[in-house]
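Colleague:
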Amino acid sequence: MKQSSIRLSEKINTDFINDPRIPLFSYLSLKPVHTKWELKDIISRQLSHPVLWVNLVKKLRNNKNDLFIEVGPGNVISRTVRWIDRNIEILITDNKDSLLKAVNRYNQINSDIK
Numbered sequence: 062m063k064q065s066s067i068r069l070s071e072k073i074n075t076d077f078i079n080d081p082r083i084p085l086f087s088y089l090s091l092k093p094v095h096t097k098w099e100l101k102d103i104i105s106r107q108l109s110h111p112v113l114w115v116n117l118v119k120k121l122r123n124n125k126n127d128l129f130i131e132v133g134p135g136n137v138i139s140r141t142v143r144w145i146d147r148n149i150e151i152l153i154t155d156n157k158d159s160l161l162k163a164v165n166r167y168n169q170i171n172s173d174i175k
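As structure tokens, this is what we get:
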């Protein structure tokens with residue numbers, strides 16, 4: 062896996078990746094990723110390091126993150142999050158309608174906070 066990590070790192074460095082526009086949390090470090098350089102490093106290292114998924118979900122929940130949005134087809138991530146904490150609200154966005162509903166719910170939560 063180490064060799065795969067090195068090859069992936071080389072490939073990532075030639076491709077276009079921007080600084081994250083929304084908060085991303087690494088399941089390797091359990092910390093936010095702020096720059097494209099951190100993101101590239103995390104992506105290449107994740108091939109050969111253990112996944113701390115349960116710890117990440119618990120940390121996000123403890124930091125008052127009550128809404129999780131799964132983007133893309135399927136619901137594997139949502140199912141694992143529910144297994145860890147059934148009180149987290151999870152929205153699955155696998156089509157245009159569900160994406161619009163998720164955006165509306167996100168906006169509703171943020172307007173309630175202000």
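Heads up, the sequence shown is in my numbering, so the first residue is 62 and it goes up one at a time. All C-beta atoms in this analysis are idealised placements derived from N, C-alpha and C, irrespective of residue type, glycine included. From a predicted model like this one, the values you see are computed outputs, not experimental measurements.
Can you give the Cα-Cα distance for P111 and D155, rounded to whole angstroms?
Modeller: About 28 Å.
Colleague: Determine the DSSP secondary structure at L152, reduced to helix, strand or coil.
Modeller: strand
Colleague: Would you call the region 98–108 and the region 128–137 in contact, with 3 or more CB pairs under 8 Å?
Modeller: No, the region 98–108 does not touch the region 128–137.
Colleague: Which same chain residues, not among the five before or five after S66, have their C-beta less than 8 Å away from its C-beta?
Modeller: Within the same chain, S66 has close Cβ partners S105, R106, L108, S109.
Colleague: If you draw a straight line from the alpha carbon of N123 to that of R68, how long is it in whole angstroms?
Modeller: 36 Å
Colleague: Kindly indicate which three-state DSSP category V118 falls into: helix, strand or coil?
Modeller: helix
Colleague: By Cβ distance below 8 Å, which residues in the same chain neighbour L113 in space, the five residues on each side in sequence not counted?
Modeller: Y88, L89, L91
Colleague: Tell me the DSSP secondary structure of I130 in three-state form.
Modeller: Judged by DSSP in its simplified three-state form, I130 adopts strand.
Colleague: Return the first residue and the last residue of the alpha helix (DSSP H) that D102 is part of.
Modeller: D102 -> alpha helix (DSSP H) spans 97–106.
Colleague: Anyone know if the C-beta pair for S159 and I151 falls short of 8 Å?
Modeller: no
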